Ligand SMILES: [Zn+2]
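Numbering (our numbering), first residue to last: 1382 to 1810.
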């Protein structure tokens, strides 16, 4: 679903960054554990060592390559759409008297064209690889259904936003600022509605069923300082075998979510430890901070974006038969400019994400003192998602939203300020 991410994430500048604040512990950006058997590790520590398999290493190499190849492939597809004249032909095909409608229709047809052109890589990364490594429980039909739904959401939301963006480009000289200001309410709205309107399109969310666990989590939440919080479980086992938990939403839609796979595979203590981390995100307002940080990054993207966009159109606009800067046919070029800047800034946004993830680890430990269950939960996450425990420094720097699991396990086993009579950093009783 790269096209959804690129089109939606870019059409609504910065939303991908905001979303990263609410992304969970497992799944796509898996954390990393220690290598094989460390000589200094004592017998007792074996529980906290990840068993590294060749399969894990191969899987990670594929994921790392797909991250960079996928970005390049997305850019090539957009260039192809421009260079072959497909873009201006789509514009001529959908042209109406109403500019806004033309922009919407153009975006819809472009999205379908991109989805088709990107299908080989989407199929490989989204379906073939997870099946090759036994991480997916989905049939091809069900996976295609999710893809179609994702595309529909992207067309509706992206189309509405693109129409507005082109209006801004036409009417305002410093349109980068107009686009950025306009993106603020849109991003906040999207983060508010995502848990109640978008996520349920793909999965079923319901209040946590296990009454005794619910009670324990409620008590933990009260100690964390959360009033009236809600915990949901979601049937992710219909798509994947991997585990996750996350915080999402803002204001009335703010909630903690546990994948049912996590409920099945983790012990009660591990769940309480992991949820201590999630409650840290909740109490420390990490979704809001992620939105704020995302807006800061998108300010840069918009500012540099206008310059790159106009320079490119001056140079190649004639060849691509672009009539004016607000011509919908120039949309692929805007997407190229924004994705290149966004990609170059990804170490910055991932660095910020790793920082707040570390804060959530600190908060969770201070709240629960469950160092060992937290470490064994991380071991399970690593082994379960089949990711090489030793990412190289560059890969971690560029694309990891969480610190490597090696570092996290090491940290959570040793972070015990309460044993040394030191004050807590983040959680106050
Ligand atoms: Zn987290």
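Note that CB positions come from ideal geometry on N, CA and C, so glycine has one too.
Computed from a predicted structure; not experimentally measured.
Tell me which residue opens and which closes the alpha helix (DSSP H) that residue i is part of.
{"i": "residue 1777", "result": "1774-1780"}
{"i": "residue 1542", "result": "1521-1552"}
{"i": "residue 1613", "result": "Run containing residue 1613: none in the alpha helix (DSSP H); it sits in the beta strand (DSSP E), 1612-1615."}
{"i": "residue 1448", "result": "1435-1464"}
{"i": "residue 1712", "result": "1712-1725"}
{"i": "residue 1563", "result": "1556-1574"}
{"i": "residue 1473", "result": "1467-1475"}
{"i": "residue 1485", "result": "1480-1504"}
{"i": "residue 1792", "result": "1786-1795"}
{"i": "residue 1509", "result": "Note, residue 1509: premise wrong, no alpha helix (DSSP H); not H, not E."}
{"i": "residue 1620", "result": "That residue, residue 1620, is in no alpha helix (DSSP H); it is neither H nor E in DSSP."}
{"i": "residue 1755", "result": "1752-1766"}
{"i": "residue 1599", "result": "1592-1605"}
By DSSP's criteria, residue i is part of a beta bridge. Which residues make up the other side?
{"i": "residue 1669", "result": "DSSP output for residue 1669 lists no bridge partner at all."}
{"i": "residue 1626", "result": "1639"}
{"i": "residue 1771", "result": "Partner(s): none; residue 1771 has no beta bridge."}
{"i": "residue 1517", "result": "1621"}
Quick one: measure Cβ to Cβ for residue i and residue j, integer angstroms, because I've assumed they're closer than 8 Å.
{"i": "residue 1616", "j": "residue 1646", "result": "15 Å between Cβ atoms; not a contact."}
{"i": "residue 1471", "j": "residue 1458", "result": "Incorrect: roughly 14 Å between the Cβ atoms, too far for contact."}
{"i": "residue 1709", "j": "residue 1483", "result": "6 Å"}
{"i": "residue 1740", "j": "residue 1807", "result": "6 Å"}
{"i": "residue 1711", "j": "residue 1703", "result": "5 Å"}
{"i": "residue 1805", "j": "residue 1738", "result": "Not confirmed; about 18 Å, so no contact."}
{"i": "residue 1629", "j": "residue 1642", "result": "Not a contact, Cβ separation roughly 17 Å."}
{"i": "residue 1521", "j": "residue 1508", "result": "7 Å"}
Under DSSP, the beta strand (DSSP E) around residue i begins and ends at which residues?
{"i": "residue 1637", "result": "1636-1640"}
{"i": "residue 1654", "result": "Careful: residue 1654 lies outside any beta strand (DSSP E), inside the alpha helix (DSSP H) at 1649-1664."}
{"i": "residue 1586", "result": "1586-1588"}
Check whether the Cβ of residue i sits closer than 7 Å to any heavy atom of ligand 1, and report yes or no.
{"i": "residue 1430", "result": "no"}
{"i": "residue 1777", "result": "no"}
{"i": "residue 1662", "result": "yes"}
{"i": "residue 1738", "result": "yes"}
{"i": "residue 1602", "result": "no"}
{"i": "residue 1758", "result": "no"}
{"i": "residue 1741", "result": "yes"}
{"i": "residue 1658", "result": "yes"}
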